[in-house]
Every structure is written in structure tokens, then in C-alpha cells.
Amino acid sequence: MDSEEVQRVSQEFGGRHVQFRSLGFRPDFFATTADAVTTECVFLDAAVHQASDTLTAW
2 MDSEEVQRVS QEFGGRHVQF RSLGFRPDFF ATTADAVTTE CVFLDAAVHQ ASDTLTAW
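Quick note, the sequence shown lines up with residues 2 to 59 if you use the numbering used here.
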């Protein structure tokens with residue numbers, strides 16, 4: 002996936018959650034997911050790249 006595709010998919014994913022704001026969903030809940038995905042990607046990458054590189058790529 003290139004960066005434009007990742008951005009498009011991410012915006013679509015986030016857009017699907019807008020309806021839940023009235024029920025108490027907060028966008029900062031995504032931070033937990035971002036941390037977990039970044040950690041797993043670093044593990045899968047065998048720690049060849051730093052977490053900040055992985056987060057930027059993600």
C-alpha cells in the first residue's frame with residue numbers, strides 16, 4: 002500500500018466511527034490501537050526499524 006491508499010483507508014475507517022460520538026466514542030480511543038499496531042509491526046519487522054519509523058510508515 003502506498004501512503005495515499007493508507008490515508009484513504011484510514012479516513013474511511015475513521016469516518017465510520019463518527020456516528021458513535023453521540024454514544025461517547027472519542028477519537029483518542031484510536032491511540033490505543035495505533036500503539037498496539039505499531040508494537041506488533043515492530044515485532045514482525047524483527048526490530049529492524051525503530052518504532053517511530055514504523056509509526057510513520059503506518
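Ideal placement from N, C-alpha and C gives every residue a C-beta, glycine not left out.
Where the alpha helix (DSSP H) through residue i begins and ends
i, result
"Gln-8", "4-16"
"Val-43", "31-45"
Cβ shell of residue i (< 7 Å), same chain only, five flanking positions each side left out
i, result
"Ser-26", "The residue asked about is misnamed: residue 26 is Phe in this sequence, not Ser. The residues are His-18."
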